[in-house]
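Q:
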Amino acid sequence: MSRTFERGSPIFEDERPLTDDWDPEELPERDEELGQIHNALAPAIRNTGVGPHNMFLFGKTGQGKTAGVEYKLEDLVAAADDAGLNITTSQYNCAGDSSSYHVLINLVERLTGENLNGHPMSKITDAFFDAVTDIGGTVIIVLDEIDNIGTSDEILYSIPRAKSNGNIPDDMHLSVIGISNNFKFRDNLSPKVKDTLFDEEIHFAPYDANQLRSILERRADQAFKEGVLEGDVIPLCAAHAAQDKGSARQALRYLYKAGELASNTGSDVVTEEHVRTAQERIDRKNIEKGIREMTMQDQLSLTAVVALEVEGQNPAKTTEIYARYKDIATEIKADIRTQRSVRDHLLELDLMGVVNATKKQTGNRGGPHYVFELGSDLGMTLDILSEDSRLGDAIDLVTTNRSIQEYLD
DNA sequence: GATCCACTGGAAGATAAGGAAT
DNA sequence: ATTCCTTATCTTCCAGTGGATC
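Using our numbering, read the first sequence as starting at -19 and increasing by one per residue.
Shown next as structure tokens:
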């Protein structure tokens, strides 16, 4: 069958609201956080000698951190125009920069058009402060995905201290807004940075299913043609995403993909079935990517959890998983780490969402302990793990055990 | 209610690998 | 080629936790 490309779509009115770079014009689900951002920025407009506070936004991806900041900054700049104040904002995404040095070079290039790559750090810092001084008034630098700079965090120290160090004149204000989805990053920052920067720490908690639902409904209104979404389509996307990471981005992906599936198969409505297929495909891609990027020890720990899952032994305690881990590592001749280390790997897997860790305070022996179970689809995870040349053998063993088990039953 | 137990979570130090400097 | 530095990853050690047990 030969298909021709057609204009228009029976499903979509406008696909842009479903994409990542869409700026929502309202964020009612983040009222509280926006309020905190507002309070931190407010001194800029009061213009009573103090600049906007430095702040740090934490929260997993797809929680509206970046959108929230953009939203409030737009407000601020508009209010500043009305009040005749000079406020400049510069948003910069640090993805791809591995150090303060890179970030500064790019900031300078953005402000002055000059690329100083290769020059010593001190010269670049000077150039940066000169550029900021030229702009004057109040300057707010937003550093998105700031965790990419790792432990070289001097930029987070020097910007907030610029005035007291005499890098910029007394009559102007320079502040920084850091955004990060990595909680470890906060802990690893040097104490002096924490000191200066953490007055305003704003935490974005994951959205729940209801919040995701209203976010999706607003976007769907603009994106889809009237009445093409079957009743449960949005609740399904919302519920699935809420269960996983509580990310609006993820929920939107499900919805968009479901719409595309409907569109591509010539259907004129989006059904629950489309949503299920979309979820399956997206989840699989995510798990696949996650597992591929794991270290060997992460994968081994995961394999141990999978083995216990296959045998119906989950949720299992750390010690039980560790015993199985040792068997598997011995089997494929991998290094065996201590239980302390494997525990960290298991918790790491929990952060990634492949495994669910639950902390219990009760137990036959009391005291705090974790129980783990697989957080992603068993069949999918088995599939992906068996594609690995070394782990494949271990997985074979696990599944063979299962068939013996079933035979015995 | 004192003690035990199985486990957690944090710290300090060891080790290996990679990069930069000499 | 060798040494030094950095960074990530592990190990070792241990105080803390709180139900279970006596």
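All C-beta atoms, glycine included, are put in the ideal place defined by N, C-alpha and C.
Going by Cα to Cα distance, which pick from Arg317, Cys74, Gly211 is closest to Ile157?
A: For the purposes of this step, residue 157 is taken as the residue at position 177 of the first sequence. Ranking the options by Cα distance to Ile157, first place goes to Cys74.
Q: Can you tell me whether Pro(-10) is buried or exposed? The criterion is at least 16 other CB atoms within 10 Å of its CB, across all chains shown.
A: Looking up residue -10 in the first sequence gives position 10. Burial call: exposed.
Q: Could you spell out the range, first to last residue, of the alpha helix (DSSP H) harbouring Met332?
A: Within the first sequence, residue 332 is the residue found at index 352, counting from 1. Here the alpha helix (DSSP H) through Met332 covers 319 to 332.
Q: Could you pull the start and end residues of the alpha helix (DSSP H) that Met276 belongs to?
A: As a working mapping, residue 276 is identified with position 296 in the first sequence. 276 to 290 is the span of the alpha helix (DSSP H), which, as asked, contains Met276.
Q: Counting Cβ pairs closer than 8 Å, one from the segment 214 to 229 and one from the segment 179 to 194, do we hit at least three?
A: Judged by Cβ distances under 8 Å, the segment 214 to 229 makes contact with the segment 179 to 194, as three or more pairs qualify.
Q: In angstroms, rounded to a whole number, what distance separates the CA positions of Phe352 and Glu252?
A: For this step, residue 352 is matched to residue 372 along the first sequence. For this step, residue 252 is matched to residue 272 along the first sequence. Straight-line Cα distance between these residues: approximately 31 Å.
Q: Can you have a look at Lys40 and say buried or exposed, based on whether 16 or more other CB atoms are within 10 angstroms of its CB?
A: As a working mapping, residue 40 is identified with position 60 in the first sequence. Lys40 is buried by the Cβ-count criterion.
Q: Let me check understanding here. Comparing Cα to Cα, which of Val213, Glu89, Leu196, Ala337 lies closest to Gly42?
A: Taking the first sequence and counting its residues from 1, one reaches residue 42 at position 62. Of the listed residues, the one whose Cα sits closest to Gly42 is Leu196.
Q: Does DSSP put Asp124 in a helix, in a strand, or in coil?
A: Along the first sequence, one-based indexing puts residue 124 at 144. Asp124: strand per DSSP, three-state reduction.
Q: Assuming Gln279 and Asp368 are in contact, meaning their beta carbons sit under 8 Å apart, how far apart are those beta carbons, in whole angstroms?
A: Here residue 279 refers to the residue found at position 299 of the first sequence. Here residue 368 refers to the residue found at position 388 of the first sequence. About 7 Å separates the two Cβ atoms, so the contact holds.
Q: Please determine whether the Cβ atom of Gly29 lies at a distance below 7 Å from any heavy atom of the ligand HEM.
A: As far as ligands go, the structure on display features none, and thus does not contain the ligand HEM.
Q: Is the Cβ-Cβ distance between Leu326 and Ser366 less than 8 Å?
A: To locate residue 326, count along the first sequence from 1; it is residue 346. To locate residue 366, count along the first sequence from 1; it is residue 386. Not closer than 8 Å, so no.
Q: Between which residues of its own chain and Asp376 is the CB-CB distance below 8 Å, once the five residues before and five after are set aside?
A: Indexing the first sequence from 1 puts residue 376 at position 396. The answer, listed in chain order, is Ser366.
Q: Could you say which of Met101, Arg256, Thr28, Glu6 lies nearest to Gly48 if we only look at CA atoms?
A: Start at 1 with the first residue of the first sequence, and residue 48 comes out as number 68. Gly48 has its Cα closest to that of Glu6, out of Met101, Arg256, Thr28, Glu6.
Q: Do Ile308 and Thr283 have their C-beta atoms closer together than 8 Å?
A: Counting from one through the first sequence, the residue named residue 308 turns up at place 328. Counting from one through the first sequence, the residue named residue 283 turns up at place 303. Yes.
Q: To test your reading of the DSSP string, which unbroken alpha helix (DSSP H) runs of 4 or more residues are found completely within the segment 75 to 126?
A: Whole alpha helix (DSSP H) segments, 4+ residues: 80 to 92, 101 to 115.
Q: Whose CA, out of Asp324, Ile120, Ser80, lies closest to the CA of Met101?
A: Indexing the first sequence from 1 puts residue 101 at position 121. The shortest Cα separation from Met101 among Asp324, Ile120, Ser80 belongs to Ser80.
Q: What residues in its chain sit with their C-beta under 6 Å from that of Glu180, if we drop five residues either side in the sequence?
A: Working through the first sequence from its first residue, we reach residue 180 at position 200. Closer than 6 Å at the Cβ level, and outside the excluded window around Glu180, lie Ala20, His33, Met35.
Q: Name the two residues that bound the continuous beta strand (DSSP E) containing Gln71.
A: Sequence index remark: in the first sequence, residue 71 carries index 91 (1-based). Counting along the chain, the beta strand (DSSP E) containing Gln71 begins and ends at 67 to 73.
Q: What did DSSP end up calling Gly226 once you bin it into helix, strand or coil?
A: Mapped onto the first sequence, residue 226 falls at position 246. The answer is coil: DSSP assigns Gly226 none of H, G, I, E or B.
Q: Exposed or buried, which one is Asp11 when buried takes at least 16 other CB atoms within 10 Å?
A: As a position in the first sequence, residue 11 is number 31, starting the count at 1. Its Cβ having fewer than 16 others within 10 Å, Asp11 is exposed.
Q: Taking the CB atoms as reference points, tell me whether Leu354 and Glu289 lie closer together than 8 Å.
A: The residue labelled residue 354 in the question sits at position 374 within the first sequence. The residue labelled residue 289 in the question sits at position 309 within the first sequence. Yes, the Cβ-Cβ distance between Leu354 and Glu289 is below 8 Å.
Q: Tell me the rounded alpha-carbon separation between Thr380 and Thr310.
A: If you number the first sequence from 1, residue 380 lands on position 400. If you number the first sequence from 1, residue 310 lands on position 330. The alpha-carbon atoms of Thr380 and Thr310 are separated by roughly 17 Å.
Q: Considering only their Cβ atoms, is the gap separating Val249 from Ala242 smaller than 8 Å?
A: If you number the first sequence from 1, residue 242 lands on position 262. If you number the first sequence from 1, residue 249 lands on position 269. Against a cut-off of 8 Å, the Cβ pair of Val249 and Ala242 comes out as a contact.
Q: Can you give me the Cβ contacts of Leu358 inside the same chain, cut-off strictly under 8 Å, excluding the 5 residues immediately before and after it?
A: On the first sequence, residue 358 is found 378 positions in, with the first residue counted as 1. These residues qualify, in order along the chain: Val286, Glu289, Val290.
Q: Rounded to the nearest angstrom, what separates Asp77 and Ile121 at their Cα positions?
A: By one-based count along the first sequence, residue 77 stands at place 97. By one-based count along the first sequence, residue 121 stands at place 141. The alpha-carbon atoms of Asp77 and Ile121 are separated by roughly 16 Å.
Q: Roughly how many whole angstroms lie between the Cα atoms of Glu134 and Ile267?
A: Here residue 134 is taken as the residue at index 154 of the first sequence, counted from 1. Here residue 267 is taken as the residue at index 287 of the first sequence, counted from 1. Taking the straight line joining both Cα atoms gives about 35 Å.
Q: How would you call Thr118, buried or exposed, if buried means at least 16 neighbouring beta carbons within 10 angstroms?
A: Counted from its first residue, the first sequence places residue 118 at position 138. Buried, by the Cβ-count rule.
Q: Where Phe165 and Ile214 are concerned, what is the direct C-alpha to C-alpha distance, given to the nearest angstrom?
A: Position 185 of the first sequence, counting from 1, holds the residue named residue 165. Position 234 of the first sequence, counting from 1, holds the residue named residue 214. Each residue's Cα considered, the two are about 34 Å apart.
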